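Below is one structure, written out as structure tokens; the observations come after it.
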Amino acid sequence: MIIYGTRAVKSTISTGNFHCPQCETQEEYRHRKARKFFTLYFIPIIPLNSLGEYVECRRCKSTFITEVLNQSNTASEQAFMTLYLHAIRHSMVLIMLADGIIEESEKTAVLNIINRHGHNDMTMADLEAYIVEVQRENKSITTYLSEVAPALNDYGKEMIIKSALEVAASDGHMDMSELQEISVMGQALNMDESHLKRILNEALPQQSS
Ligand SMILES: [Zn+2]
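If you want it as structure tokens, here you go:
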């Protein structure tokens with residue numbers, strides 16, 4: 132019996148460093164190419180069609196289209212990113228402070244979220260210093276969110292609300308004070324009410340009746 136078939140064979144074209152959109156940091160990449168081969172007894176022998184090229188981050192293993200290597204951020208994109216990260220930091224800390232108690236689990240959740248959205252460079256000590264600053268500033272949760280809102284699509288807005296829910300739930304219970312702040316966030320982000328309700332219902336199935 133002859134066993135034959137096809138198989139994708141991957142090869143590396145080049146390697147280097149790039150700004151990984153997933154890690155949000157400079158990481159090593161592999162620029163790879165996949166090609167379909169005709170196989171005989173599981174051995175690739177005849178190259179068939181090319182399956183395309185992609186760029187893979189060595190750290191998170193995410194794959195991207197090759198254009199990711201040519202991207203250079205413009206000044207306005209960088210300015211937006213700074214404002215966006217500020218809005219995330221500020222709103223997550225205020226959600227944590229909403230119920231009046233700061234728990235370790237909440238601090239850990241906030242730190243993870245900030246680092247996930249940002250450059251992965253905030254330490255617990257940085258966060259603690261920032262919490263004090265937010266308390267002293269005493270600015271509304273809408274302050275920075277309403278500035279970034281016009282540039283965000285529904286998905287981007289949803290990500291922020293879901294992050295806030297993650298912080299609110301991280302101490303094991305969801306308080307009215309937290310939910311109220313989250314709904315204020317939704318308004319600042321200019322989300323329509325049904326969209327916000329749907330996200331809340333998904334997060335709180337026991338209260339969705
Ligand atoms: Zn990565």
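When the letters of the sequence shown are read in order and numbered with the working numbering, they come out as residues 132 to 340.
Heads up, the beta-carbon is just placed ideally off N, CA and C, and yes, glycines get one too.
Nothing here was measured: the structure is a model prediction, and the numbers come from that model.
Problem - Three-state secondary structure assigned by DSSP to residue 174 - result: Correct three-state label for residue 174: strand.
Handout entry: heavy atom of ligand 1 below 7 angstroms from residue 158 C-beta
Key = Yes.
Problem - Alpha carbon of residue 194 to alpha carbon of residue 141, nearest angstrom - result: Roughly 13 angstroms between the two C-alpha positions.
Exercise for the section: Take the Cβ of residue 260 as the centre, count every other Cβ of all protein chains shown within 10 Å, and call the residue buried at 16 or more, exposed below. Expected result: The Cβ neighbour count for residue 260, taken over all protein chains shown within 10 Å, is under 16; the residue is labelled exposed.
Practice task
Pull up the distance between the alpha-carbon of residue 243 and that of residue 318, whole angstroms please.
Solution key: Residue 243 and residue 318: Cα-Cα distance of roughly 25 angstroms.
Practice task
Take the Cβ of residue 283 as the centre, count every other Cβ of all protein chains shown within 10 Å, and call the residue buried at 16 or more, exposed below.
Solution key: The residue is buried, with at least 16 neighbouring Cβ atoms inside 10 Å.
Problem - Contacts around residue 320, its chain only, beta-carbon distance under 6 angstroms, and the 5 residues preceding and following it disregarded - result: The answer, listed in chain order, is 276, 280, 288.
Problem - residue 283, DSSP secondary structure in three states - result: In the structure shown, the three-state DSSP call for residue 283 is coil.
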